[in-house]
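Colleague: Here's a structure for you.
Residue numbers (the numbering used here): 111 to 990.
Written as structure tokens, this is what we have:
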């Protein structure tokens, strides 16, 4: 009796001796990528691209062999074309148009460059050509990097499709991903409970973040573990259904469909291997929750619910549905046993404040992105150019955070790639839904296992993508691509068979035609590898000369070595504006160190700190502006002709010009050009530089403060007050600096009324800054009284009560201040700093017993704080 007569069919073995090499290569990509911080560094991505390129070559050879053996038609899935078109879109964004055509093919980018780059129309200055990008993308280096990542993911997707979802390859993927997820969870928990501030206990965090396992960002870790969990659930089903033959939908024996429908029977028949699989799934699910990533936990819940619902509707899979719910409860129990439930609850409570308002900054950023969208609606601002596209529309303080990603893949797709790119993303998701549907309809152990894994993975990443950017890092993108590729490959195989044929899955083509796809991907991967190699050199050199290391570095030779290394790297990456900005800062630091050495030789009594302060670029700018105001042109020329200025600051200026030409959207570059331009005698006006800086400074109070400082040094106090007011509107971060700069002028009614926004909290901060600067209460009184008038007009919210209390304390109305602060602490007991202030005020008022109560309440929130202990010590001293 053959398989057709019985309703069973044996899954065909993979053809071609090279396919196992492709499988091993894909598993290496999946398993290696996450351990190097998710392969976010270009140095880690480069070997992955190299391996993918080799695998494409192997696939081309395999296709050639298949073509020689047979000229039959094969199916090219439609869904594999969408990422390829996405790569083409990215490449089109990188095309550099002639100057006369740039306005036609890249209107928005050309408009911005013409506005921000004075040399745009005439890129030759002093006889030296200045290269200027004329592309659709706002920032070519970022788009090239994004295209390289998309090529890597597309290659993994294509190679996984080429495996046709055969049993052995599918089993390897699901089982290896399960083991990988368990290993990552174990390491994540070990590192979390033994955290010493460094990754792997010895690698310091470069840019902050809250890591989990090898991932710098716990949200990315949660997204990756959700993918591993999807594979684990698929493998759990695969191992739970007994049988070496695959059950089809054509003629399913009654006992095969009913035997595993009873959860009790399903659980009773579990063997050791299956129990280990279940344990691994529970462990990974616990790991997802242990990341404390809200988006990942929500994605886990959504994927579990959708997968559970689908399986519940299928009569033969209800045992697995029940098993999933049991496993979810076990995972929650594991997290509770590990003591993580309190942290998870507290994390979700941060979504809203005490008044119930949503406080997640993503919502504001998405609104800013939507304001920017009309300018890039068609083809986008450029892949990975999101961080530049939204900035002009940000008019709020965001803690100086720069959103490289929207943390919503659909919004980022809209801004980066326009309607076309977002449409491709939606079509790819729909294509995956169709492939999963084919596998569910086909039935059988392997098909259902892969469909279940695909369902959980697709839902978790789609939902998680509403809150995170996990698929923009290589490790997550590769695993998602391979999982989707195996599902689509299996669906392609099933749809080609008579009973389940689905012409919507793909296009029938010859094997020879299929060779075009890997050939194009191979060419693209080689080019992407070359660009990644160049960009990795720049990234490595910039990492060595970090901003913090630079500002504190006193070794001139080391700074010189950083300059040499970065200039060599940037020579092959001329349009890297951020690298040119870093080089300008390095040259400026080299000047400061040389000038400080010269000062100490001339004035030996100066300390190193004093000499560096006098040799700073800011001090030099102030000196030049003072000389210009006094019309002492000869002395200005003497400063400009100084050997150190010519040796170090002229190269810094040249790099700033190149930074502006490559990436004119960096507000800090325009501020630096305004400062150095005045020193070197730049023909552009200070106003032009600072206008551009203010335009692209967005919600950064530091940019506006620096603009105001340069204007004030140029003798333009009225203009400076405008920028300083904007800085204070955003945040009172620089209130002490502004007060120090203004001196006694800050007390003049006409000055502070023009400077300080008409907000009680800002008037309070300025009053506090003036008192800290040594001004008397009588001098500060008018400002504090005006703030008190404003705060009385507001409602009695806890924040306003606290501000009112502080203003009353400044005005020496102590009893009223104490009563107001008590009201604030009662309304919002979660603010321990208010209790500390109240304890200090009560102590100053001689109300020791009340001060003791508040100090102890504060220490209940902050048990390690020395300030609460100091208050208690002072209380004990006064009680003696």
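We put the beta carbon where it would ideally sit given N, CA and C, even for glycine. If you're wondering where the values come from, they're calculated on a predicted model, not measured in any experiment.
1. Can you pull the DSSP bridge partners for residue 185?
2. What are the start and end residues of the alpha helix (DSSP H) that includes residue 773?
3. Have a look at the DSSP bridge pairing and note the partners of residue 192.
4. What did DSSP end up calling residue 866 once you bin it into helix, strand or coil?
5. Under 8 Å, do residue 968 and residue 945 count as touching if we go by C-beta distance?
6. Could you pull out every unbroken alpha helix (DSSP H) segment of at least 4 residues lying fully inside the stretch 792 to 873, listed in chain order?
7. Tell whether a beta-carbon distance below 8 Å holds between residue 669 and residue 677.
8. When you compare only the Cα positions, how much space is there between residue 928 and residue 915?
9. Using a Cβ-Cβ cut-off of 6 Å (strictly less than) and excluding sequence neighbours within five positions of residue 287, which residues of its own chain qualify?
10. Kindly give me the distance between the Cβ atoms of residue 209 and residue 246, rounded to whole angstroms, as I take these residues to be in contact under 8 Å.
11. Report yes or no: do three or more beta-carbon pairs, one from the stretch 127 to 135 and one from the stretch 314 to 326, lie closer than 8 Å?
12. Among 675, 630, 869, which residue has its Cα nearest to the Cα of residue 651?
13. Between the C-alpha atoms of residue 981 and residue 949, what's the straight-line distance to the nearest angstrom?
14. In the DSSP output, which residue or residues are listed as bridge partners for residue 760?
15. Would DSSP call residue 579 helix, strand or coil?
16. Going by beta-carbon coordinates alone, are residue 264 and residue 328 separated by less than 8 Å?
17. Taking 8 Å as the threshold (C-beta atoms), are residue 195 and residue 534 in contact?
18. Give the secondary structure of residue 939 by DSSP, where H, G and I count as helix, E and B as strand, and everything else as coil.
19. From the DSSP secondary-structure annotation, give me the bridge partner or partners of residue 313.
20. Would you call residue 125 buried or exposed, if buried means 16 or more other Cβ atoms sit within 10 Å of its Cβ?
21. Beta-carbon separation of residue 560 and residue 291 under 8 Å?
22. Closest to residue 843 by C-alpha separation, out of 986, 815, 858, would be which residue?
23. State the DSSP-derived secondary structure class of residue 566, mapped to helix, strand or coil.
24. Going by DSSP, what residues sit across from residue 322 in a beta bridge?
25. Pairs of beta-carbons, one from the stretch 799 to 816 and one from the stretch 827 to 846, closer than 8 Å: are there three or more?
26. Three or more C-beta pairs closer than 8 Å, one from the stretch 774 to 790 and one from the stretch 691 to 706: is that the case here?
27. Kindly confirm or deny that the stretch 411 to 423 and the stretch 588 to 600 touch, where touching means at least three C-beta pairs closer than 8 Å.
28. Roughly how many angstroms lie between the CA atoms of residue 506 and residue 444, to the nearest whole one?
29. So does the stretch 545 to 555 actually touch the stretch 563 to 579, counting three or more Cβ pairs closer than 8 Å?
30. Comparing alpha-carbon positions, which option in 409, 726, 204 lies nearest residue 254?
31. Exposed or buried, residue 920, counting other C-beta atoms within 10 Å across all chains shown (16 or more means buried)?
32. In angstroms with no decimal places, state the Cα-to-Cα distance between residue 162 and residue 975.
33. Counting Cβ pairs, one atom from each stretch, are 3 or more of them under 8 Å apart for the stretch 401 to 410 and the stretch 568 to 575?
34. Quick check on residue 330: does DSSP put it in helix, strand or coil?
35. Please look up how many angstroms separate the CB atoms of residue 1017 and residue 794, rounded, as I've assumed it's under 8 Å.
Modeller: On the basis of the coordinates in this document:
1. Looking at the DSSP assignment, residue 185 forms a beta bridge with 618.
2. DSSP places residue 773 outside any alpha helix (DSSP H), giving it a letter other than H or E.
3. Checking the DSSP bridge columns, you'll see residue 192 has no partner listed.
4. Correct three-state label for residue 866: coil.
5. Taking 8 Å as the cut-off, the Cβ atoms of residue 968 and residue 945 count as close.
6. DSSP runs (the alpha helix (DSSP H)) wholly in the stretch 792 to 873: 796 to 807, 811 to 823, 827 to 840, 845 to 852, 859 to 865.
7. For residue 669 and residue 677, no; Cβs fall outside 8 Å.
8. Approximately 7 Å between the Cα atoms of the pair.
9. Take residue 287, set aside five residues on each side of it, and the residues of its chain with a beta-carbon closer than 6 Å to its own are 338, 341, in chain order.
10. 14 Å between Cβ atoms; not a contact.
11. No, the stretch 127 to 135 is not in contact with the stretch 314 to 326.
12. Per the Cα distances, 675.
13. Distance between the alpha carbons of residue 981 and residue 949: 7 Å.
14. None, per the DSSP bridge assignment.
15. In this structure, residue 579 counts as coil in the three-state DSSP scheme.
16. No, Cβ-Cβ distance for residue 264 and residue 328 is not below 8 Å.
17. Taking 8 Å as the cut-off, the beta carbon of residue 534 is found closer than this to the beta carbon of residue 195.
18. Coil, per DSSP.
19. Answer is 309, bridged to residue 313.
20. The predicted model places residue 125 with a pLDDT of 47, which falls under 50 and marks its position as unreliable; any figure quoted below should be read in that light. Label assigned to residue 125: exposed.
21. No, they are not a contact pair.
22. Comparing C-alpha distances from residue 843 to each of 986, 815, 858 shows the shortest one belongs to 815.
23. Three-state DSSP puts residue 566 in a helix.
24. Paired residues: 325.
25. Contact holds: three or more Cβ-Cβ distances are below 8 Å.
26. Yes: at least three Cβ pairs fall under 8 Å.
27. Taking 8 Å as the limit for Cβ pairs, the verdict is that the stretch 588 to 600 does not touch the stretch 411 to 423.
28. Cα to Cα, residue 506 sits roughly 41 Å from residue 444.
29. The stretch 545 to 555 is in contact with the stretch 563 to 579.
30. Of the candidates 409, 726, 204, the residue whose Cα lies closest to the Cα of residue 254 is 204.
31. With 16 or more Cβ atoms within 10 Å of its Cβ, residue 920 is classed as buried.
32. Cα to Cα, residue 162 sits roughly 52 Å from residue 975.
33. The stretch 401 to 410 vs the stretch 568 to 575: in contact.
34. The DSSP-derived three-state label of residue 330 is helix.
35. Any question about residue 1017 goes unanswered here, given that the chain covers just 111 to 990.
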